[in-house]
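Sequence lines, in order, name chains A and G.
With numbering that gives the first Met the number 0, the residue at position 190 of the first sequence is 189, and numbering never jumps.
With numbering that gives the first Met the number 0, the residue at position 252 of the second sequence is 251, and numbering never jumps.
Note that the Cβ used here is the ideal one computed from N, Cα and C, for glycine as well.
Protein chains: 2
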Amino acid sequence: MSDIVAALRAALGDRVLTDPETLAAHRRDYWALAEIHDLLGRGAPPPRAVVRARSTEDVAQTLRICRAGHAAVIPFGGASGVCGAIEATPESVVLSTRGLEGLVRLSDHNLTACFRAGTLGIDAEERVRQDGLTIGHWPQSVALSTVGGWVATRASGQYSTGYGSIEDLVLALEVVLPDGSVLRTRETPRAAAGPDLRQVFMGSEGTLGVITEVTFSLRPLPEASVGQASHFAAFDDGIEAIRRIMRAGWRPPVVRLYDALESQRTFAAWCPAGRSLLILLHEGPASAVKEEVEAVAALSAAAGGDEADVACVGHWLEHRNSVPSFRELNEQGLVVDTIEVACTWDLAPRLYADVTRSLRHVPGILMASAHTSHSYRSGTNFYFTFAVRVEERERMPAAYRACWERTMNASVAAGAGIAHHHGIGRVRRNWLVDEIGDAGVALLRDLKRALDPDGLLNPGVLLPPPGPR
Amino acid sequence: MSDIVAALRAALGDRVLTDPETLAAHRRDYWALAEIHDLLGRGAPPPRAVVRARSTEDVAQTLRICRAGHAAVIPFGGASGVCGAIEATPESVVLSTRGLEGLVRLSDHNLTACFRAGTLGIDAEERVRQDGLTIGHWPQSVALSTVGGWVATRASGQYSTGYGSIEDLVLALEVVLPDGSVLRTRETPRAAAGPDLRQVFMGSEGTLGVITEVTFSLRPLPEASVGQASHFAAFDDGIEAIRRIMRAGWRPPVVRLYDALESQRTFAAWCPAGRSLLILLHEGPASAVKEEVEAVAALSAAAGGDEADVACVGHWLEHRNSVPSFRELNEQGLVVDTIEVACTWDLAPRLYADVTRSLRHVPGILMASAHTSHSYRSGTNFYFTFAVRVEERERMPAAYRACWERTMNASVAAGAGIAHHHGIGRVRRNWLVDEIGDAGVALLRDLKRALDPDGLLNPGVLLPPPGPR
Numbered sequence: 000m001s002d003i004v005a006a007l008r009a010a011l012g013d014r015v016l017t018d019p020e021t022l023a024a025h026r027r028d029y030w031a032l033a034e035i036h037d038l039l040g041r042g043a044p045p046p047r048a049v050v051r052a053r054s055t056e057d058v059a060q061t062l063r064i065c066r067a068g069h070a071a072v073i074p075f076g077g078a079s080g081v082c083g084a085i086e087a088t089p090e091s092v093v094l095s096t097r098g099l100e101g102l103v104r105l106s107d108h109n110l111t112a113c114f115r116a117g118t119l120g121i122d123a124e125e126r127v128r129q130d131g132l133t134i135g136h137w138p139q140s141v142a143l144s145t146v147g148g149w150v151a152t153r154a155s156g157q158y159s160t161g162y163g164s165i166e167d168l169v170l171a172l173e174v175v176l177p178d179g180s181v182l183r184t185r186e187t188p189r190a191a192a193g194p195d196l197r198q199v200f201m202g203s204e205g206t207l208g209v210i211t212e213v214t215f216s217l218r219p220l221p222e223a224s225v226g227q228a229s230h231f232a233a234f235d236d237g238i239e240a241i242r243r244i245m246r247a248g249w250r251p252p253v254v255r256l257y258d259a260l261e262s263q264r265t266f267a268a269w270c271p272a273g274r275s276l277l278i279l280l281h282e283g284p285a286s287a288v289k290e291e292v293e294a295v296a297a298l299s300a301a302a303g304g305d306e307a308d309v310a311c312v313g314h315w316l317e318h319r320n321s322v323p324s325f326r327e328l329n330e331q332g333l334v335v336d337t338i339e340v341a342c343t344w345d346l347a348p349r350l351y352a353d354v355t356r357s358l359r360h361v362p363g364i365l366m367a368s369a370h371t372s373h374s375y376r377s378g379t380n381f382y383f384t385f386a387v388r389v390e391e392r393e394r395m396p397a398a399y400r401a402c403w404e405r406t407m408n409a410s411v412a413a414g415a416g417i418a419h420h421h422g423i424g425r426v427r428r429n430w431l432v433d434e435i436g437d438a439g440v441a442l443l444r445d446l447k448r449a450l451d452p453d454g455l456l457n458p459g460v461l462l463p464p465p466g467p468r
Numbered sequence: 000m001s002d003i004v005a006a007l008r009a010a011l012g013d014r015v016l017t018d019p020e021t022l023a024a025h026r027r028d029y030w031a032l033a034e035i036h037d038l039l040g041r042g043a044p045p046p047r048a049v050v051r052a053r054s055t056e057d058v059a060q061t062l063r064i065c066r067a068g069h070a071a072v073i074p075f076g077g078a079s080g081v082c083g084a085i086e087a088t089p090e091s092v093v094l095s096t097r098g099l100e101g102l103v104r105l106s107d108h109n110l111t112a113c114f115r116a117g118t119l120g121i122d123a124e125e126r127v128r129q130d131g132l133t134i135g136h137w138p139q140s141v142a143l144s145t146v147g148g149w150v151a152t153r154a155s156g157q158y159s160t161g162y163g164s165i166e167d168l169v170l171a172l173e174v175v176l177p178d179g180s181v182l183r184t185r186e187t188p189r190a191a192a193g194p195d196l197r198q199v200f201m202g203s204e205g206t207l208g209v210i211t212e213v214t215f216s217l218r219p220l221p222e223a224s225v226g227q228a229s230h231f232a233a234f235d236d237g238i239e240a241i242r243r244i245m246r247a248g249w250r251p252p253v254v255r256l257y258d259a260l261e262s263q264r265t266f267a268a269w270c271p272a273g274r275s276l277l278i279l280l281h282e283g284p285a286s287a288v289k290e291e292v293e294a295v296a297a298l299s300a301a302a303g304g305d306e307a308d309v310a311c312v313g314h315w316l317e318h319r320n321s322v323p324s325f326r327e328l329n330e331q332g333l334v335v336d337t338i339e340v341a342c343t344w345d346l347a348p349r350l351y352a353d354v355t356r357s358l359r360h361v362p363g364i365l366m367a368s369a370h371t372s373h374s375y376r377s378g379t380n381f382y383f384t385f386a387v388r389v390e391e392r393e394r395m396p397a398a399y400r401a402c403w404e405r406t407m408n409a410s411v412a413a414g415a416g417i418a419h420h421h422g423i424g425r426v427r428r429n430w431l432v433d434e435i436g437d438a439g440v441a442l443l444r445d446l447k448r449a450l451d452p453d454g455l456l457n458p459g460v461l462l463p464p465p466g467p468r
């Protein structure tokens with residue numbers, strides 16, 4: 000088995016790392032349950048080795064060597080995922096993309112920028128900003144996540160309502176397939192040339208290939224950026240306001256509605272108790288933004304919204320990426336996580352009510368709340384947050400799983416989609432069949448078997464284990 | 000072999016048709032070369048049988064029976080495709096979706112409408128218009144093509160610059176897989192739940208499954224719809240104007256720029272000789288349209304555009320779906336076709352120049368022209384038209400192939416994408432490798448083998464024959 004490490008060393012030299020510190024730093028992602036398991040002293044073990052690839056060919060060699068040696072390979076970007084898509088085993092090789100860094104090429108004329116996959120999101124965004132451009136993708140993890148990870152997890156950012164999710168921002172990909180061959184999709188704005196192969200890898204979570212380059216279709220930095228806010232007597236009234244805004248064709252990049260609990264928790268200075276705060280950010284040509292602000296104000300008022308002090312938008316912008324550490328909360332006896340789902344408009348009131356009600360039945364529950372942060376013509380997402388007090392640490396995993404089970408089961412029962420933008424990983428894999436059906440799971444298994452017949456790429460992720468769940 | 004027909008009849012009764020007239024009407028699509036072959040008396044033969052499915056279960060049964068009997072199945076919608084994706088063989092069974100017709104459900108609240116796949120595009124659009132809604136997809140074939148065909152061919156419509164192509168309009172699909180199992184994607188506005196399985200079938204051209212239902216995410220009919228036009232001294236100046244309009248974030252649904260030849264051919268009354276006409280249609284809230292019209296006028300003028308009489312937009316709207324019959328032209332000794340490709344902005348001037356120049360070397364060429372009709376942040380498409388006079392009818396296929404080869408080769412040499420919205424079919428399959436590379440073709444073959452191990456679904460289409468081309 001250590002033949003693998005020797006073979007990797009022979010081919011890749013010092014890009015193969017086995018020092019305990021490096022191995023320990025590549026055990027897992029930011030899954031809340033993995034944090035709990037760490038606290039309980041039974042966290043994921045270190046992998047056998049970490050390969051820090053510096054080129055596409057390094058990635059290809061790693062995959063070929065591991066295939067020949069029948070070793071599992073776990074692609075690893077920023078490890079900021081929260082669904083357990085990275086969890087090492089003692090036999091596995093972790094393949095870090097963080098050495099694949101930086102800009103490959105940028106065209107202001109074409110509004111395109113190609114980055115190596117291990118480039119941190121914030122670095123990529125800052126690079127294109129030097130040229131007055133923006134990727135426009137703002138996941139909360141932007142300072143930690145890689146552009147390749149954005150693609151592999153099928154991410155959405157905070158500005159998605161106007162600018163789209165990752166599938167709307169990526170022009171082309173380079174991907175190393177499990178056999179070491181390299182797929183490059185053409186840098187063309189649109190094609191009808193068979194299935195869109197980029198889409199096979201968006202959301203593949205490291206199970207079908209390793210993304211090595213990402214080319215974005217950019218936007219110029221907006222001429223104007225204007226905040227707006229209002230509050231509603233009921234969360235559902237705010238949802239209805241957003242529905243009408245989407246329906247009319249307005250597309251502010253940021254459209255976030257918090258339920259009364261979250262509005263008080265984060266925006267008490269700007270939102271009366273018991274009301275739900277809606278914050279928006281409009282961007283674009285100044286004249287278009289002006290029209291949009293006026294139209295949205297009228298639509299919000301018609302749905303019962305009262306104008307709120309726009310300072311709350313600045314507050315959100317300033318604090319939007321601060322998240323408390325799971326470890327700190329766990330140590331205080333709290334089990335906390337967020338779960339995002341999506342649904343068509345008709346299901347939204349029931350979905351919100353059912354999930355929060357079901358969570359409130361979990362023993363020790365302190366809070367079950369939600370906001371919506373990504374809206375579309377035909378529906379929206381919910382981003383639920385739960386917090387449970389658990390006296391005995393040993394009971395934390397069970398409490399965690401109970402909250403997830405209740406949220407997933409209530410979402411499925413309501414007819415909603417089980418995952419809006421965090422992905423499947425390990426935490427949702429048993430509900431994948433509810434999302435895409437038996438035929439969908441079978442199709443994904445077929446695809447996996449065709450590309451990775453030995454099942455070596457990130458095993459255990461995305462697809463549920465075979466057999467009854 | 001007639002066991003297949005007997006087995007189909009036993010299961011499907013009068014949905015199985017073998018009368019000569021029906022068989023003759025299901026031989027092929029609207030590929031120009033198939034028309035020429037018909038004229039030459041060596042057109043595609045009739046299939047063995049036509050199954051006119053009336054339900055998803057009819058489709059599943061047909062696929063199961065044909066798989067058991069090892070018979071090729073050719074899915075058949077409106078047959079308005081122009082790339083040879085439908086071409087019967089004497090042993091094949093044609094599976095028509097035209098009996099799968101009509102609205103399944105419509106939700107004004109969600110802006111969604113689900114249609115059976117064989118519904119004609121125009122019927123679907125007219126149905127949602129009764130409720131003040133629009134699909135917003137206007138391929139030239141809208142009166143002939145089916146909504147399932149739109150998905151299978153990965154179509155774009157004339158309003159795509161503002162409203163998107165089929166991948167931006169479809170919310171959910173029902174597809175019967177080659178083994179007869181039924182895949183239903185969830186009706187959710189967005190998901191990060193593995194690869195987007197809808198995308199496997201968009202552009203699959205009948206080779207991976209049979210689409211049986213299509214759910215669209217709709218828009219309300221626009222409050223305002225305003226035409227605009229200008230003309231430019233050079234085609235490239237007009238391209239540059241469009242680039243700047245896209246870059247600034249304006250999205251008129253219709254943005255069409257004709258080269259000097261096409262401007263004279265179609266719009267002589269509104270465009271001075273030698274100049275290139277740009278026509279636009281703006282839609283949306285009246286106030287937003289007003290802003291857009293003013294901004295676009297300024298951008299066009301800055302790029303050298305002179306305002307043109309907006310009546311030309313009305314002329315286009317009126318005549319946009321009239322096309323001359325290939326047969327009539329062939330009988331006059333003319334070989335004519337259109338070829339659409341796409342590229343990033345930097346390649347556009349060279350691509351246009353190279354393709355039209357290369358086509359002018361074809362003996363007997365009468366015309367090589369182009370317009371652009373679908374634009375994006377990072378590039379645009381070209382829609383080339385060629386006409387060749389061929390004295391001997393027997394030489395028509397060679398002249399046809401010469402024009403295609405020159406266009407495809409010049410596009411590939413320029414670095415452009417080989418297909419914007421008509422698909423691959425048979426006419427482009429030998430260039431698919433230039434679009435997606437060896438690894439991409441291998442991936443598609445893997446996918447095909449996994450879903451359709453006996454290669455029975457629409458054989459000969461999309462994928463190039465194995466071996467060197």
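Below-7 Å beta-carbon distance, residue i vs any chain B residue
| i | result |
| --- | --- |
| A:TYR351 | Among the chains of the structure shown, chain B does not appear; the protein chains present are A and G. |
Beta carbon proximity, residue i to chain A, threshold 7 Å
| i | result |
| --- | --- |
| G:GLN227 | no |
| G:ASN329 | no |
| G:GLY332 | no |
| G:ALA469 | Only positions 0 to 468 of chain G appear in the structure, and residue 469 of chain G is not among them; the question remains open. |
| G:ASN109 | yes |
| G:TRP344 | yes |
| G:SER140 | no |
DSSP state of residue i mapped onto helix, strand, coil
| i | result |
| --- | --- |
| G:ILE35 | helix |
| G:SER324 | coil |
| G:ALA347 | helix |
| G:ASP2 | helix |
| A:ILE417 | coil |
| G:VAL387 | strand |
| A:MET366 | strand |
| A:ARG185 | coil |
Interface flag, residue i vs chain G, CB-CB below 7 Å
| i | result |
| --- | --- |
| A:MET0 | Residue placement at A:MET0 cannot be trusted, given a pLDDT of 47 that sits under 50; the coordinates are not used to answer. |
| A:THR187 | yes |
| A:GLN482 | As displayed, chain A neither begins before 0 nor continues past 468, which places residue 482 of chain A out of reach and without an answer. |
Opening and closing residue of the beta strand (DSSP E) in which residue i lies
| i | result |
| --- | --- |
| G:ALA267 | It is not in any beta strand (DSSP E) - G:ALA267 carries neither H nor E in the DSSP assignment. |
| G:SER106 | 102-106 |
| G:ARG255 | 253-257 |
| G:CYS113 | 111-115 |
Limits of the alpha helix (DSSP H) - the one that residue i falls within
| i | result |
| --- | --- |
| G:PRO74 | First-last for G:PRO74: 72-75, but that is the beta strand (DSSP E), not the alpha helix (DSSP H). |
| A:THR61 | 55-67 |
For the region 146-164 of chain G and the region 408-425 of chain G, state whether three or more C-beta atom pairs, one from each stretch, are separated by less than 8 Å. Proximity of the region 146-164 of chain G to the region 408-425 of chain G meets the contact definition, three or more beta-carbon pairs being nearer than 8 Å.
Residues of the region 244-256 of chain G with a CB closer than 9 Å to any CB of chain A: list them in chain order, please. MET245, ARG246, ALA247, GLY248, TRP249
Does the structure place the region 142-152 of chain G close enough to the region 120-132 of chain G that three or more beta carbon pairs sit under 8 Å? Because the criterion of three Cβ pairs below 8 Å is met, the region 120-132 of chain G and the region 142-152 of chain G touch.
Against chain A: residues of the region 357-381 of chain G by CB proximity under 9 Å: HIS373, SER374, TYR375, ARG376, SER377, GLY378, THR379, ASN380
Along the region 390-418 of chain G, where does the CB come closer than 9 Å to a CB of chain A? Name the residues. GLY414, ALA415, GLY416, ILE417, ALA418
To be precise: take each residue of the region 420-450 of chain A, compare its Cβ to all Cβ atoms of chain G, and keep it if any distance is under 8 Å. Which residues remain? HIS420, HIS421, GLY422, ILE423, ARG427, LEU431, GLU434, ILE435, GLY436, ASP437, ALA438, GLY439, ALA441, LEU442, LEU443, ASP445, LEU446, ARG448, ALA449, LEU450
For the region 269-298 of chain G, list every residue whose C-beta sits within 7 Å of some C-beta in chain A, in sequence order. GLY283, PRO284, SER286, ALA287, GLU290, ALA294
How do the region 239-255 of chain G and the region 168-176 of chain G stand: do at least 3 beta-carbon pairs fall below 8 Å, yes or no? no
Closer than 8 Å, Cβ to Cβ, to anything on chain A: give me those residues from the region 203-219 of chain G, in chain order. SER203, GLU204, LEU207, SER216, LEU217, ARG218, PRO219
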